[in-house]
Ligand code: ATP
Ligand code: MG
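Numbering (the numbering used here), first residue to last: 90 to 247.
Written out as structure tokens, the structure is:
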């Protein structure tokens, strides 16, 4: 299904903004240009839901969650960033492994199975993109993913 990514992303962000119970501020920097992506919307919703849920789960009271979209060549780059506890440097890449959960005691108290990001990675790769994380312990975490995009909706004549 072809969708305009900014609109699609923003509607997911809004659903979280209206339903979240935490005192966390949402800040978005989305481009005004139309960015058409061909995606499985159910699966991509699941991917983004998991990343935002994680950001909220690990955000301190009063923290910000930032949402960004940029383009580079034929890819869009999506960024979701929080001011949370972060992930130890040596484990940043392991968060995409099945059942991996940093700091077991803490994670257990937060609930979850450790599958969310492993599934997200599978789905992003199936869509022709990549996903990775940058994190600093005590400062926060940023999840990035890319997806191929078209400036113009497929099948449209100029
Ligand atoms: P599930 O998503 O299956 O409910 P989960 O959230 O624990 O469980 P993942 O979403 O796969 O599993 O995340 C794996 C682990 O990566 C988490 O348990 C947590 O330790 C770490 N992690 C993920 N996102 C963040 C984040 N934004 N800040 C800090 N740690 C994170
Ligand atoms: Mg999760």
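The beta carbon of each residue, even a glycine, is placed where N, CA and C say it ideally should be.
C-beta atoms of residue 230 and residue 151 nearer than 8 Å: no
Residue range of the unbroken alpha helix (DSSP H) whose run includes residue 209: Going by DSSP, residue 209 is part of the alpha helix (DSSP H) stretching over 205-215.
For residue 183, three-class secondary structure by DSSP: helix
Helix, strand or coil at residue 171 according to DSSP, with G and I counted as helix: Strand, per DSSP.
Proximity below 8 Å, CB of residue 206 to CB of residue 184: Yes, the Cβ-Cβ distance between residue 206 and residue 184 is below 8 Å.
Residue 180 versus 214, 168, 209 and 222, residue with shortest Cα-Cα distance: 222
Candidates 161, 190, 227 and 228: closest to residue 234 by CA position: 161
Whole-angstrom distance between residue 154 and residue 169, CA atom to CA atom: 7 Å
Pairwise C-alpha distance: residue 159 and residue 134: 19 Å
Cβ-based neighbour list, residue 123, same chain, cut-off 6 Å, excluding 5 preceding and 5 following: Hits under 6 Å: 93.
Local conformation of residue 165 per DSSP, three classes: strand
Start and end residues, alpha helix (DSSP H) containing residue 104: From DSSP, the alpha helix (DSSP H) with residue 104 extends over 94-108.
C-beta atoms of residue 115 and residue 156 nearer than 8 Å: Yes, the pair counts as a contact, with Cβ atoms nearer than the cut-off.
Helix, strand or coil at residue 202 [DSSP, three-state]: coil
Residue burial classification, residue 210 (beta-carbon count within 10 angstroms, cutoff 16): It counts as buried.
Beta bridge counterpart(s) of residue 237 as assigned by DSSP: 164
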